[in-house]
Amino acid sequence: HDSRRIDLQLRGRSGRQGDPGSSRFFLSLEDKLMRVFAGEWVKNILSRLGMEEGEAIESRMVSKRVEGAQKKREETHFEQRKHLLEYDEVMDEQRKTVYGYRQRILDGCNCRDLILEMIERQVDEETERLLDKNYGWDTIAAWCGQEAHIEVESANIRDMDYEQLVTYLKDEGSHQADDLIAEQINENLPEEYEDDWNWQALTKWANAYFSLNLNDRELKKIGRDGLHQTLFDQAQKAIERIDFTPLQAFLDDDWGSRSLAGYLNYQFGIEADPEEFKALSVPEAKAKVLEKVKELYREKEVSFPVTVGMYNFLGNQQPGNEANSRVGLVKWANSRFHSNLDLEALKGKQVNEIQNILSAESEKVFVNGEASKQIEQYLTKAYTREAAGSAGKSAHPVQNKAALGELAAWANTELELNLTTEELEPLSDDEVRIRLYQAYNKRYRPELSQAERSLILEVLDTSWKDHLYYMDHLRSGIGLVGYAQKDPKVEYRREGMKAFDSMWGRIGQQVTSAIFRLEKQSPDFVGSLWRV
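Each number in this note's numbering comes from the position in the sequence shown (counting from 1) with 290 added on.
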């Protein structure tokens with residue numbers, strides 16, 4: 291290691307850097323090296339020997355002592371470096387993952403596939419969670435904690451009807467309130483330390499927890515001895531005031547399917563009927579939801595270029611310039627969609643009618659250019675992978691030159707390229723895939739592909755910065771877990787990876803939600819795509 295090499299070079303070679311000759315160096319006994327690691331022993335022994343300041347020391351014993359102090363200092367520095375590297379190992383793994391993912395995007399990978407992977411992962415997780423047979427009971431437990439301040443486990447309330455549930459929750463709320471009141475009184479009004487009593491903190495807690503309107507003067511009049519019963523009576527009244535009727539909705543058999551329909555509307559803007567999912571198994575519901583989202587994404591691919599064109603020509607048009615704007619829109623549409631529209635086709639049409647006409651032209655081009663599946667089919671034929679070797683590493687793709695020629699011919703016709711078999715032979719399948727998808731996106735979906743790329747990068751960069759900020763805070767305070775007999779490094783790794791997984795989940799949620807709402811949430815960004 292470089293630091294160890296420097297240690298060896300500095301020890302005994304100070305000033306010479308390894309050149310032939312001899313070295314002589316001067317060392318103060320007040321130097322930190324000697325003061326911390328050699329102790330008072332060297333100073334005392336030299337004083338007894340009558341050594342004076344500036345006098346040369348020629349003693350094997352002293353040299354060994356100095357060398358021992360150097361060694362201790364080097365070991366201390368080594369442990370510090372090792373400690374730092376052990377903590378940095380977690381961040382190093384995360385950096386490689388994030389920067390590798392980001393570099394794939396910058397290198398031109400198909401961002402459409404990345405977004406569809408995010409959609410599939412979210413649909414899989416959310417459908418599994420929302421259609422789980424225990425989801426209703428989990429919802430009730432969460433509602434009780436948030437709205438009623440009653441902490442319950444879903445396993446303890448499972449299979450209860452509404453009346454049983456309300457009775458159980460009221461009883462449980464009373465027991466928990468009794469314990470909490472005693473705990474807060476002991477914390478804020480310790481019996482042994484009357485000078486430390488904090489009536490204001492106790493009043494603030496009681497008002498917030500039980501929705502009361504007390505003040506500290508009222509509580510002081512009651513006194514500490516009668517305070518528990520008074521607060522408990524107030525808590526009982528607060529529990530009786532709780533409206534438990536929302537729990538009836540959570541007990542319905544269709545709560546899971548209604549929640550799934552609500553999730554689709556919230557996340558993707560899809561209006562779905564809960565009845566569609568009631569009779570379906572979880573795998574069938576996943577397939578149906580995924581079909582709906584993919585169909586919506588396909589509609590997005592058709593309508594998005596039209597939205598960009600409409601925004602550019604009709605979104606900011608000047609009064610009296612409508613005719614010129616429509617002329618420009620027709621010329622753009624004929625070029626973009628390879629259509630034969632004329633100005634008469636748009637004459638007298640409203641904006642929504644014009645959008646429908648252009649969407650129909652976009653649909654024709656998109657159907658003819660839906661080539662992503664064909665790209666994968668040609669790549670599968672042209673490149674096959676051998677079995678993994680003894681070292682466990684995948685071998686390089688073995689090329690089928692005949693299929694490679696078919697791939698080049700298809701790409702030249704469909705994607706307007708000028709490829710040759712000789713040009714593709716040195717490339718791996720991933721490199722060819724990137725090149726074909728770049729041409730495909732440029733030919734059929736330049737606006738949306740740029741929007742996908744920009745959106746993922748923006749969300750990724752923002753989320754990564756927030757994660758780095760969180761990890762700094764985690765690192766600064768993780769040492770405190772040592773008081774709980776836990777290894778700080780193990781806890782740092784566990785919490786760091788947990789936060790890292792959560793970061794990717796948030797990235798998926800933000801990207802898949804925003805991609806369907808770009809026109810409404812970021813019209814200026816949509817307008818900027820005109821320059822693509």
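Heads up, the beta-carbon is just placed ideally off N, CA and C, and yes, glycines get one too.
Legend entry - Alpha-carbon spacing of residue 421 relative to residue 413, whole angstroms: Position 131 of the sequence shown, counted from the first residue, corresponds to residue 421. Position 123 of the sequence shown, counted from the first residue, corresponds to residue 413. Roughly 12 Å between the two C-alpha positions.
Inset, instruction - Look at the alpha carbon of residue 581 and the alpha carbon of residue 689, and state the distance between them as a whole number of angstroms. - result: Here the question's residue 581 lines up with position 291 in the sequence shown. Here the question's residue 689 lines up with position 399 in the sequence shown. Computed Cα separation, rounded: 35 Å.
Inset, instruction - Please go through the same chain and pick out, in chain order, the residues whose beta-carbon is closer than 8 Å to the beta-carbon of residue 680, but skip the five residues on each side of it. - result: Here residue 680 refers to the residue found at position 390 when the sequence shown is read from its first residue. Because the pLDDT at residue 680 is just 38, under 50, the model does not fix this residue reliably, and the value given afterwards should be weighed accordingly. Within the same chain, residue 680 has no close Cβ partners at all.
Legend entry - Backbone secondary structure at residue 735 - three-state DSSP: Numbered from its first residue, the sequence shown carries residue 735 at position 445. Coil.
Inset, instruction - Identify whether residue 557 lies in helix, strand or coil by the three-state DSSP scheme. - result: Along the sequence shown, read from residue 1 onward, the residue named residue 557 stands at position 267. Reduced to three states, the DSSP call for residue 557 is helix.
Inset, instruction - Kindly indicate which residue of 331, 467 and 748 has the alpha-carbon position closest to the one of residue 354. - result: Indexing the sequence shown from 1 puts residue 354 at position 64. Answer by Cα proximity: 331.
Legend entry - Nearest-angstrom Cα separation, counted from residue 756 out to residue 492: Locating residue 492 in the sequence shown gives position 202, counting from the first residue. Locating residue 756 in the sequence shown gives position 466, counting from the first residue. Taking the straight line from one Cα to the other gives about 35 Å.
Inset, instruction - Assign residue 804 to one of three DSSP states: helix, strand, or coil. - result: Counted from its first residue, the sequence shown places residue 804 at position 514. Three-state DSSP puts residue 804 in a helix.
Legend entry - Where residue 436 falls: helix, strand or coil (DSSP): For the purposes of this step, residue 436 is identified with residue 146 of the sequence shown, where counting begins at 1. In this structure, residue 436 counts as helix in the three-state DSSP scheme.
Legend entry - residue 599 burial status per 10 Å Cβ neighbour count (16 or more: buried): As a first step, residue 599 is located in the sequence shown; it is residue number 309 there, counting from the start. Buried: at least 16 other Cβ atoms inside 10 Å.
Legend entry - Inter-stretch contact at 8 Å, needing at least 3 Cβ pairs: the segment 522-536 / the segment 548-567: no
Inset, instruction - Take residue 737 and list the residues in its own chain whose beta-carbon comes closer than 7 Å to its own, dropping the five residues that flank it on each side. - result: Translated into the one-based positions of the sequence shown, residue 737 becomes position 447. Result list for residue 737: 594, 595, 598, 819 and 822, in chain order.
Inset, instruction - Could you have a look at residue 417 and say whether DSSP puts it in helix, strand or coil? - result: The count along the sequence shown starts at 1 and reaches residue 417 at position 127. It is helical.
Inset, instruction - State yes or no: is the C-beta of residue 489 within less than 9 Å of the C-beta of residue 470? - result: For the purposes of this step, residue 489 is identified with residue 199 of the sequence shown, where counting begins at 1. For the purposes of this step, residue 470 is identified with residue 180 of the sequence shown, where counting begins at 1. No.
Legend entry - Spatial neighbours of residue 727 in its chain, beta-carbon cut-off 6 Å, leaving aside the 5 residues before and after: On the sequence shown, residue 727 is found 437 positions in, with the first residue counted as 1. Here the set comprises 400.
Legend entry - Minimum C-alpha distance to residue 462 - residue among 641, 473, 441 and 424: For the purposes of this step, residue 462 is taken as the residue at position 172 of the sequence shown. Out of 641, 473, 441 and 424, 441 has the C-alpha closest to the C-alpha of residue 462.
Legend entry - Length-filtered (4 minimum) alpha helix (DSSP H) runs lying within the segment 687-716: 691-704 and 711-714
Legend entry - Per-residue burial, residue 786 [other beta carbons within 10 Å of its own, 16 or more giving buried]: Position 496 of the sequence shown holds residue 786. When all chains shown are included, residue 786 counts as buried.
Inset, instruction - Please name the residue or residues paired with residue 673 in a DSSP beta bridge. - result: For this step, residue 673 is matched to residue 383 along the sequence shown. Paired residue(s): 689.
Inset, instruction - Closer than 6 Å by C-beta to residue 803: which residues in its own chain qualify, once you throw out the five before and the five after it? Chain order, please. - result: Working through the sequence shown from its first residue, we reach residue 803 at position 513. Only 557 meet the Cβ criterion.
Inset, instruction - Locate the alpha helix (DSSP H) running through residue 605, then write down its first and last residues. - result: For this step, residue 605 is matched to residue 315 along the sequence shown. Run containing residue 605: none; DSSP gives neither H nor E here.
Inset, instruction - Please report how far the alpha carbon of residue 360 lies from the alpha carbon of residue 379, in whole angstroms. - result: Counting from 1 along the sequence shown, the entry for residue 360 is found at position 70. Counting from 1 along the sequence shown, the entry for residue 379 is found at position 89. Distance between the alpha carbons of residue 360 and residue 379: 28 Å.
Inset, instruction - State yes or no: is the C-beta of residue 319 nearer than 8 Å to some heavy atom of the ligand MG? - result: Looking for the ligand MG in the displayed structure turns up nothing, as the structure carries no ligands at all.
Legend entry - Minimum C-alpha distance to residue 592 - residue among 650, 629, 410 and 673: Position 302 of the sequence shown, counted from the first residue, corresponds to residue 592. That would be 650, whose Cα lies nearest to the Cα of residue 592.
Legend entry - Boundaries of the alpha helix (DSSP H) in which residue 531 is found, first to last residue: Within the sequence shown, numbered from 1, the residue matching residue 531 stands at position 241. Start and end: 514-531.
Legend entry - Span of the alpha helix (DSSP H) around residue 814: Against the sequence shown, residue 814 aligns to sequence position 524. From DSSP, the alpha helix (DSSP H) with residue 814 extends over 813-818.
Legend entry - Sequence-distant residues of the same chain with beta carbon closer than 7 Å to residue 771, five excluded per side: Your numbering for residue 771 matches position 481 in the sequence shown. Within the same chain, residue 771 has close Cβ partners 778 and 781.
Legend entry - Classification of residue 731 by the beta-carbon crowding that lies within 10 angstroms, buried from 16 upward: Taking the first residue of the sequence shown as 1, we reach residue 731 at position 441. Buried, by the Cβ-count rule.
Inset, instruction - State the start and end residues of the unbroken alpha helix (DSSP H) segment that holds residue 494. - result: Taking the first residue of the sequence shown as 1, we reach residue 494 at position 204. From DSSP, the alpha helix (DSSP H) with residue 494 extends over 489-500.
Legend entry - Backbone secondary structure at residue 503 - three-state DSSP: Position 213 of the sequence shown, counted from the start, is the residue given in the question as residue 503. Note: residue 503 maps to coil in three-state DSSP.
Legend entry - Validate contact between the segment 752-768 and the segment 617-624 using beta carbons, cut 8 Å, 3 pairs: no
Inset, instruction - Have a look at residue 685 and residue 714 and give me their C-alpha separation to the nearest angstrom. - result: Residue 685 sits at position 395 when you count from the first residue of the sequence shown. Residue 714 sits at position 424 when you count from the first residue of the sequence shown. Per-residue confidence for residue 685 stands at a pLDDT of 45, beneath the threshold of 50, marking its modelled position as unreliable; no derived number is given.
Inset, instruction - Identify, in the order they occur along the chain, each residue of the same chain with its Cβ nearer than 8 Å to the Cβ of residue 553, setting aside the five sequence neighbours on each side. - result: For the purposes of this step, residue 553 is taken as the residue at position 263 of the sequence shown. Contacts found: 416 and 420.
Legend entry - Buried or exposed (CB count within 10 angstroms, at least 16 for buried), residue 753: Taking the first residue of the sequence shown as 1, we reach residue 753 at position 463. The residue is buried, with at least 16 neighbouring Cβ atoms inside 10 Å.
Legend entry - Residue closest to residue 452, alpha-carbon to alpha-carbon, out of 542, 320 and 761: In the sequence shown, the residue the question calls residue 452 occupies position 162. Closest option to residue 452, Cα to Cα, is 542.
Legend entry - Simplified DSSP state of residue 286, which is helix, strand or coil: With the chain running from 291 to 822 in the structure shown, residue 286 is simply not present.
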